[in-house]
Amino acid sequence: DNVVYDRFLGTEQFNIMLQSAFVDVGTKSALLKYTGLIQDEAVKTTGDDGVSQQVTVKTGVASVGQAIVPNPVELAPYRTFPEVEQPISKFIFRMQEGPKAAIYEADGGAWRNKAILNIKEYLQEELKELENIEIIA
């Protein structure tokens, strides 16, 4: 499995994971931007209220600014057949000094039910010309 949950990764490894194991929907591009622009050792723990965090990001060639890390985030990891629409799920996104980033599943496993329905819809569409086939899901 290419997706690492519940563990902090360096921002380079985190970016590679996002680009290779997630569909281009939801807040993926925003996370790539945050983790790509963050400065080393820049995560503010003083601005951490348990839900949102502040980080220092590069805003230009030589300037920096404060940014609030988005939470929760919506991402669609590749978790079912590639032909089927990947379900979008909520994740908690956290950062640590280093800088490091992590995502934590926050949908209670609801993505599995959506994946089952997406598989059913895909099979119904692909097999619609065949008679006497009932897809149960």
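Here our numbering runs 806 ahead of the position in the sequence shown, where the first position is 1. We treat Cβ as the ideally placed atom computed from N, Cα and C, and that holds for glycine.
Distance cut-off 6 Å: residue i Cβ against heavy atoms of the ligand ATP
i    : result
S826 : The model on display carries no ligand, and the ligand ATP is accordingly not part of it.
Alpha carbon of residue i to alpha carbon of residue j, nearest angstrom
i    : j    : result
E818 : A827 : 14 Å
P876 : K834 : 11 Å
K934 : W917 : 25 Å
N924 : Q892 : 8 Å
G832 : K926 : 23 Å
E880 : A912 : 10 Å
Y811 : L837 : 15 Å
Residue i - containing alpha helix (DSSP H), residue span
i    : result
A908 : From DSSP, A908 is part of no alpha helix (DSSP H) but of the beta strand (DSSP E) over 906-911.
I922 : 916-932
Boundaries of the beta strand (DSSP E) in which residue i is found, first to last residue
i    : result
F897 : 895-902
L881 : 879-881
With 16 other Cβ atoms within 10 Å as the buried cut-off, status of residue i
i    : result
P888 : exposed
Test item: CB-CB of residue i and residue j under 7 Å
i    : j    : result
V890 : Y928 : yes
P878 : K896 : yes
A943 : F820 : no
F814 : Q930 : no
I844 : P905 : yes
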